[in-house]
Amino acid sequence: MDPILDGLNHAQREAVTSSGSILQVLAPPGSGKTKTLTARVAYLLSHHKYQPQDVICCTFTIKASREMRERLAKLIGEKLESRLILGTFHSICRRYLVKYGYLIGLRKGFGIADSDDTRAIIRRSIKRLKSSIEVKAAQGRISRHKAHGLSPDALADRAKAEELELVDIYRDYESALAASNLLDYDDLLLRCGDLLRDHPECVSNVQAVLVDEFQDTNIIQYELMNLFAAKNRRITIVGDPDQSIYGFRSAEIQNLKRMQRRYSNTTVVLLEDNYRSAASILNAAQEVIEQDTSRPAKALQATHSFGTLPVLRRLPNPNAEAQWMVLEIKRCAAMTGGLLRMSDFAVLLRSASLSTQIETAFGRAVKILLNYMRVVSHTGHSDALMNIVNVPPRRIGDETIKQLTSGAEKAKIPLWNFIKDVIQGRRSTEKKLQKTAEQGLCTLVNLIEASRQKLQECEDASAPRVLIEFIAERLSFQEYLIRTYPLDEDSRWANVRELMHQASEVAAFEEEEVDKEMDLPEIEGVQQQQAHSGEEALTRFLANVALATEITTREESKEGDQPSEKVTISTIHAAKGLEWPVVFVPAVYNGSIPHSRAEVVEEERRLLYVAMTRAQALLYLSIPIRQPRLGEGEDGATTLTPFLPPKLTKTRFRPTGPSLHEKVVYAIADILRRPRPSLDDMYKGLEFLPSTLDDRWTPEGEEDHSKFDSTSTSHEASGEPNPKRRRS
Ligand code: ATP
Ligand code: MG
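Read in order, the letters of the sequence shown correspond to residues 1 to 728 in the UniProt record's numbering.
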């Protein structure tokens, strides 16, 4: 038996081995689409003898591409895997632009503007133009126009009067990016599209293109896919229209139909068996999605047993909800006797503001260092520069900063060049700067130049790490943290160490792979742009950081020491395609899901569907009865999301004896295909449970559970194999 086909069902094999050159695999969550796509990559290499560097494979998140690489390394070996062009659309496009961007006039060494940068630039434009448009709204609208390929000029031609204000901001924004030699996320895609249209020879080697999560591609990504595949027209996509959740970012479900129209030879394969979730979880998720009557009915069978019914918990307020989750996670871990580790739990949130996430994920301390590195890598990065001009403090006040930025703007040069000109006496600010401020600027410029020198000396992939350490030392960064954050300097410094660690991981990986990760193949007659390898390592590191925050950062809690021992906290959007044994979906109230600002209700329902179908064995939904921030109704009383079917909306707490406890745990072990824990371990765990686990608080109109044993399972369970039975 071909090991590539091992462990696949009939329909999956059919898809993997299909001789169709245009293939769509359409199937519900957990049916093995990604697994099938991965196997098809391996199959194409081994049976069609394609070279890995001639295969492009696009995933939706960086995490997903990492997972796919791991799976492929096992199937085809690391040597071949490392040569595949595999990554997110953004990272693949960046790669092409680094190598071939010069063909379309892109300047060397461009930087990437992340969403913080774009917001800062737009905020300035709005201020300058005295517009009343809200920053975030402008950011979203500009990005949408870009995603539809509308330039400021094109928009101006068709804009209505009230849009003209946005056109000006848009134009201003574009010239600010150009002035700093920055590309935003949309530009990475757009410019790569330009490149491939003008110079199709750059992808003339490509034999096959594969795309995961196709339902969430936007029109530009769809066009890129076609451009990648222009020569040989071999495309495999996998997707699920029910999981389309990026409409707000211009993803287009119609791309599926569009593709079928464009390629009349499209073969469609359907998968129907779910291998991920307990049947009870799948049933509940099905009930949610089936409320959308406009969607075609679809077959979906569970392969696992019924398992445990999803729990819906009501808590007094968001705080109590968070505490309950922590306790419930501890309880689950304890009562399953070592079966579940912290990394098996995920908390999936409807929304989390991007910037606060980045703040917490990397920590503010880390952001400061990253900004230094961005300036060293790319002195045109005026926003990064502005953020560090006076951090740590070097007596450069707000007024000085204002003078400098407006001076640079007037001179139409990057802030860096302006500052240098000022301290060298070649230019001056409108008001003369204080001596102390000038000294501060000198210190800064010296530091950046010394760092650039250091970078030049570093000829290999260790550059990011060398640079962070150099900068941290020259800034006396740890002392700065102690001075500024005496209370939690420890954890901030730990974040910095983590960043250093990440940087050296990149280094180790790249040295081993001799910089092969997603390197583009040489193509006859087309010259690639070569960069200094230390600089290249640094830009790649920074691009990874920037791209990682693109689809909202995944934040991890502080539990446990090893990285693998942490509870995952993520937005639902970023959890796409992933799975966890236990999933919590808090805040299932109106205004959160569906979100109060959401435009398309169906998309919000699909979002809940995506969240629920991430769960393998246990699913918890919860709602705070009051959410003061909501200000809805009296004292912020919440109402349950209308998406949940009535059958699920009762908290189920049942007195459970030892035999039921065993059944629950064994069912979980079976679903996860893990060995069953010993009874001893299971009951030992229970002894350590705190006695406060039961929140005695009971909402109005619900049964009083407090009389039941709080330390026993809150789940109903049945070990019966996959009955099509539902509890009511
Ligand atoms: P999503 O729509 O959420 O992205 P998916 O369709 O891509 O889901 P996968 O992530 O590929 O599904 O697979 C879900 C789980 O089912 C994985 O743990 C995978 O290993 C497992 N799986 C898939 N196919 C099989 C199979 N034939 N036998 C056993 N396990 C399978
Ligand atoms: Mg998938």
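Think of the CB as a built atom: it goes at the ideal place given N, C-alpha and C, for glycine as much as any other residue.
Taking a C-beta distance under 8 Å as the contact criterion, LEU183 and ALA11 do not qualify as a contact pair.
Shown in chain order are the residues whose CB sits closer than 5 Å to a heavy atom of the ligand MG: LYS33, THR34, GLY577. Rounded to whole angstroms, the gap between the alpha carbons of LEU619 and ALA537 is 42 Å. Residues of the same chain with a CB within less than 7 Å of the CB of LEU26, apart from the 5 flanking positions on each side, are GLY239, ASP240, VAL268, LEU270 in chain order. For TRP580, the beta-bridge partners assigned by DSSP are ALA615. Of all alpha-carbon atoms in MET373, VAL422, PHE345, GLY440, the one lying nearest the alpha-carbon of ASN390 is that of GLY440.
For HIS595, the three-state secondary structure derived from DSSP is strand. Where SER46 is concerned, the enclosing alpha helix (DSSP H) starts and stops at 33-47.
Of ILE104, LYS402, ARG331, ALA333, the smallest CA-CA separation from ARG124 is found for LYS402. Contact between the stretch 39-56 and the stretch 290-298 is absent, with fewer than three C-beta pairs closer than 8 Å.
8 Å or more divides the Cβ of THR568 from the Cβ of ALA285. With distances taken between CA atoms, ARG374 lies nearest to ASN181 out of GLU430, ASN181, ILE625. Per the C-alpha coordinates, the member of ALA669, LEU189, GLY534, GLY32 positioned closest to THR336 is ALA669. With distances taken between CA atoms, ARG540 lies nearest to SER377 out of ILE396, GLU213, ALA384, SER377.
Within the same chain, and ignoring the five residues on either side of SER131 in sequence, the residues whose Cβ sits closer than 7 Å to its Cβ are GLU165, ILE169. The ligand ATP has a heavy atom closer than 7 Å to the beta-carbon of LEU8.
DSSP places SER570 in the uninterrupted beta strand (DSSP E) bounded by 568-571.
Considering only HIS145, ARG128, ARG119, ARG191, the residue with the shortest C-alpha distance to LYS136 is ARG119.
Taking a 10 Å sphere around the C-beta of GLY577, we find 16 or more other C-beta atoms and assign the residue as buried. Out of ASP216, ILE253, MET259, the CA that lies nearest to the CA of ARG233 is found in MET259. Of the heavy atoms belonging to the ligand ATP, none sits nearer than 7 Å to the Cβ of GLN24.
Comparing alpha-carbon positions, the option among ALA346, ASN446, ALA230, GLU457 lying closest to ILE329 turns out to be ALA346. For the pair ASP344 and ALA611, the Cα-to-Cα distance works out to about 15 Å. Annotation: ARG350 to ILE572 spans about 6 Å, alpha carbon to alpha carbon. According to the DSSP assignment, GLY440 belongs to no beta strand (DSSP E) but to the alpha helix (DSSP H) extending over 435-457.
Excluding sequence positions up to five before and after LEU542, its CB lies within less than 7 Å of the CB of MET373, ARG374, SER377, all in the same chain and listed in chain order.
For SER622, the secondary structure class from DSSP, reduced to helix, strand or coil, is strand.
Around the Cβ of GLU134, a 10 Å sphere holds fewer than 16 other Cβ atoms; the residue is exposed.
A residue is called buried once 16 or more other Cβ atoms fall within 10 Å of its Cβ, and GLN456, having fewer, is exposed.
By alpha-carbon distance to ASP153, the top candidate from ARG673, GLY77, ASP172, ARG95 is ASP172.
Between ALA503 and ASN417, the alpha-carbon positions lie close to 28 Å from each other.
Here DSSP, grouped into helix, strand and coil, assigns TYR589 to strand. Residue pairing of PHE345 in beta bridges, as defined by DSSP: VAL582.
Rounded to whole angstroms, the Cβ separation of LEU282 and LEU300 is 7 Å, and the two are in contact under 8 Å.
With respect to the C-alpha of MET225, the residue from PRO200, ASP116, ILE104 having the closest C-alpha is PRO200.
For PHE470, same chain residues with a beta-carbon under 7 Å away, outside a window of 5 residues either side, are SER451, LYS454 in chain order.
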